[in-house]
Amino acid sequence: SVPGYNYEVYHSLEEIQDWMQHLNKTHSDLIQMFSIGKSYEGRSLFVLKLGRRSRAYKRAVWIDCGIHAREWIGPAFCQWFVKEALLTYRSDPAMRKMLNHLYFYIMPVFNVDGYHFSWTNDRFWRKTRSRNSRFRCRGVDANRNWKVKWCDEGASMHPCDDTYCGPFPESEPEVKAVANFLRKHKKHIRAYLSFHAYAQMLLYPYSYKYATIPNFSCVESAAYKAVNALRSVYGVQYRYGPASSTLYVSSGSSMDWAYKNGIPYAFAFELRDTGHFGFLLPETLIKPTCTETMMAVKNITMHLLKKC
Amino acid sequence: HLYNNRYAGDQVIRLIPKTEEEAYALKKIHHQLKVDLWQPSSISYVSEGTVTDVHIPQNASQALLAFLQQANIQYKVLIEDLQKALEKGSSLQTQRNRR
Chain A
128 SVPGYNYEVY
138 HSLEEIQDWM
148 QHLNKTHSDL
158 IQMFSIGKSY
168 EGRSLFVLKL
178 GRRSRAYKRA
188 VWIDCGIHAR
198 EWIGPAFCQW
208 FVKEALLTYR
218 SDPAMRKMLN
228 HLYFYIMPVF
238 NVDGYHFSWT
248 NDRFWRKTRS
258 RNSRFRCRGV
268 DANRNWKVKW
278 CDEGASMHPC
288 DDTYCGPFPE
298 SEPEVKAVAN
308 FLRKHKKHIR
318 AYLSFHAYAQ
328 MLLYPYSYKY
338 ATIPNFSCVE
348 SAAYKAVNAL
358 RSVYGVQYRY
368 GPASSTLYVS
378 SGSSMDWAYK
388 NGIPYAFAFE
398 LRDTGHFGFL
408 LPETLIKPTC
418 TETMMAVKNI
428 TMHLLKKC
Chain B
214 HLYNNRYAGD
224 QVIRLIPKTE
234 EEAYALKKIH
244 HQLKVDLWQP
254 SSISYVSEGT
264 VTDVHIPQNA
274 SQALLAFLQQ
284 ANIQYKVLIE
294 DLQKALEKGS
304 SLQTQRNRR
């Protein structure tokens, strides 16, 4: 899709943004790039709108990667997804159907400041890079900054902790920008997918309580089929289920917020691996990880296109 | 070396507390040593049976490993040297670009 761009290595933020700009110019029939706001450090928050342009009403899927800075396989997958979509639009009937019937809003790097910092300074940085007036520590856990059971179990009120929830919900400009976008487009966004690492899981709401979601059977069915499709590629097992029982009860995440705001299919992927490499998933494993994850995402999307 | 070789000698270890007492001890040492928790995302989630991965800086490893041995908490080394793992996982192209 971009000559010479290597999808099997990790890229800096600048490289990813250059790549997005290039696609915006060269694939204007299927891609539109726009900004939804600015990060704390003033960087643009770029999103790609992927899909065949249509005047008719189309539903949409939101995909974000890199909420946590050190989870580099996330942004790598977001780029892979776009690459695959462009490469197979004409040859793959399923992809053609997806892009003809839906728009995909793809945010390859949610936490741009954190990602840049993890690239240049601290490889294991997790949070954003916002400053705190009373403490020397920086950053907020962008997945604990949502207005749904905010700052509860597993989140911290201390700015120096890695799970700091922030001074108030949506305090982080990145979170605010995405939340505003999703609020504005919630009528036609039917799925929210967020990519993290590592644990090899496919999670859905709720994180903050053990209750079953109203559309459990549809979401559970989608998750079951997605995990099976993923496993069919290389045999890699992903656990799946509500985050509260598959992992633990925690304060609300972006996935919970999206669901609470009316998006019926909300998932969080925890990609490879289960700890052998952890956040240092080697570049040689980008291709298999992304290939199998594509199957899961395509499966969820096709499920969405059918009535459940 | 990437990141000025700051991760040389750092390790990542896996612990699975067998009892709530062990889990409590881990929480206590985590607060004291401020180690980087890889999983779960918060120390508050650690209880009996929780798979817990911890990144220990080189200068804290002696204290932490001594504590674990004293408390008879079993652990496994997942990554022996984080700097080596980091550099091994990146292609030459990536390393060249970053330098």
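Same order as they appear, the protein sequences are chains A and B. 128 is the number of the first residue of the first sequence in our numbering; add one for each residue after it. 214 is the number of the first residue of the second sequence in our numbering; add one for each residue after it. Where a beta carbon is used, it is the ideal one built from N, C-alpha and C, also for glycine.
Are residue i and residue j touching if we call contact CB-CB under 8 angstroms?
i, j, result
"residue 401 of chain A", "residue 326 of chain A", "yes"
"residue 255 of chain A", "residue 238 of chain A", "yes"
"residue 235 of chain A", "residue 264 of chain A", "no"
"residue 374 of chain A", "residue 330 of chain A", "yes"
"residue 209 of chain A", "residue 410 of chain A", "no"
"residue 246 of chain A", "residue 140 of chain A", "yes"
"residue 220 of chain B", "residue 295 of chain B", "yes"
"residue 340 of chain A", "residue 386 of chain A", "yes"
"residue 365 of chain A", "residue 328 of chain A", "yes"
"residue 317 of chain A", "residue 188 of chain A", "yes"
"residue 229 of chain A", "residue 186 of chain A", "yes"
"residue 427 of chain A", "residue 324 of chain A", "no"
"residue 222 of chain B", "residue 404 of chain A", "no"
"residue 333 of chain A", "residue 390 of chain A", "no"
"residue 378 of chain A", "residue 337 of chain A", "no"
"residue 264 of chain B", "residue 240 of chain B", "no"
"residue 250 of chain B", "residue 244 of chain B", "no"
"residue 348 of chain A", "residue 422 of chain A", "no"
What's the C-alpha gap between residue i and residue j?
i, j, result
"residue 173 of chain A", "residue 234 of chain B", "47 angstroms"
"residue 395 of chain A", "residue 321 of chain A", "5 angstroms"
"residue 159 of chain A", "residue 232 of chain B", "54 angstroms"
"residue 335 of chain A", "residue 382 of chain A", "11 angstroms"
"residue 363 of chain A", "residue 357 of chain A", "7 angstroms"
"residue 296 of chain A", "residue 280 of chain A", "15 angstroms"
"residue 147 of chain A", "residue 259 of chain A", "32 angstroms"
"residue 431 of chain A", "residue 289 of chain A", "35 angstroms"
"residue 257 of chain B", "residue 413 of chain A", "31 angstroms"
"residue 171 of chain A", "residue 164 of chain A", "6 angstroms"
"residue 240 of chain A", "residue 407 of chain A", "19 angstroms"
"residue 154 of chain A", "residue 213 of chain A", "8 angstroms"
"residue 157 of chain A", "residue 196 of chain A", "28 angstroms"
"residue 168 of chain A", "residue 243 of chain A", "11 angstroms"
"residue 262 of chain B", "residue 228 of chain B", "9 angstroms"
"residue 268 of chain B", "residue 278 of chain A", "24 angstroms"
"residue 293 of chain A", "residue 300 of chain A", "11 angstroms"
"residue 246 of chain B", "residue 370 of chain A", "29 angstroms"
"residue 203 of chain A", "residue 416 of chain A", "10 angstroms"
"residue 282 of chain B", "residue 226 of chain B", "13 angstroms"
"residue 145 of chain A", "residue 207 of chain A", "15 angstroms"
"residue 314 of chain A", "residue 392 of chain A", "13 angstroms"
"residue 285 of chain A", "residue 270 of chain B", "22 angstroms"
"residue 293 of chain B", "residue 274 of chain B", "11 angstroms"
"residue 225 of chain A", "residue 285 of chain B", "54 angstroms"
"residue 130 of chain A", "residue 267 of chain A", "37 angstroms"
Against residue i, what residues of chain B qualify as contacts under a CB-to-CB distance less than 8 angstroms, listed in chain order?
i, result
"residue 410 of chain A", "302, 303, 304, 307"
For residue i, return the contacting residues in chain B, with the cut-off set at a CB-CB distance below 7 angstroms.
i, result
"residue 403 of chain A", "291"
Which term fits residue i, buried or exposed, when burial requires 16 or more other beta carbons within 10 angstroms of its beta carbon?
i, result
"residue 183 of chain A", "exposed"
"residue 266 of chain B", "buried"
"residue 435 of chain A", "exposed"
"residue 287 of chain A", "exposed"
"residue 224 of chain B", "buried"
"residue 217 of chain A", "exposed"
"residue 276 of chain A", "buried"
"residue 276 of chain B", "exposed"
"residue 302 of chain A", "buried"
"residue 290 of chain B", "exposed"
"residue 178 of chain A", "buried"
"residue 252 of chain B", "buried"
"residue 222 of chain A", "buried"
"residue 211 of chain A", "buried"
"residue 214 of chain B", "exposed"
"residue 350 of chain A", "buried"
Along chain A, in chain order, which residues have C-beta atoms closer than 8 angstroms to that of residue i?
i, result
"residue 298 of chain B", "404, 407"
"residue 250 of chain B", "289"
"residue 257 of chain B", "280, 281"
"residue 316 of chain B", "No information on residue 316 of chain B is available, as it lies outside the stretch 214 to 312 that chain B covers here."
Mind listing the chain A neighbours of residue i? Cutoff is C-beta to C-beta under 7 angstroms, in chain order.
i, result
"residue 254 of chain B", "281, 290"
"residue 268 of chain B", "251"
When you check each C-beta in the region 276–293 of chain A against every C-beta of chain B, which residues fall closer than 9 angstroms? 280, 281, 282, 283, 287, 288, 289, 290
Residues of the region 128–141 of chain A in Cβ contact with chain B at a cutoff of 9 angstroms, in chain order, please. For the region 128–141 of chain A, the residues whose beta carbon sits under 9 angstroms from a beta carbon of chain B are, in order, 133, 135, 136, 137, 138, 139.
Listed in chain order, which residues of the region 238–251 of chain A have Cβ atoms closer than 9 angstroms to some Cβ of chain B? 246, 247, 248, 249, 250, 251
Using a Cβ-Cβ cut-off of less than 7 angstroms, list which residues of the region 303–334 of chain A approach chain B; keep chain order. 326
Which residues, in chain order, does the region 367–381 of chain A contribute to contact with chain B at a C-beta distance below 8 angstroms? 374, 375, 377
Near-chain A residues of the region 223–243 of chain B - C-beta to any C-beta below 9 angstroms: 225, 227
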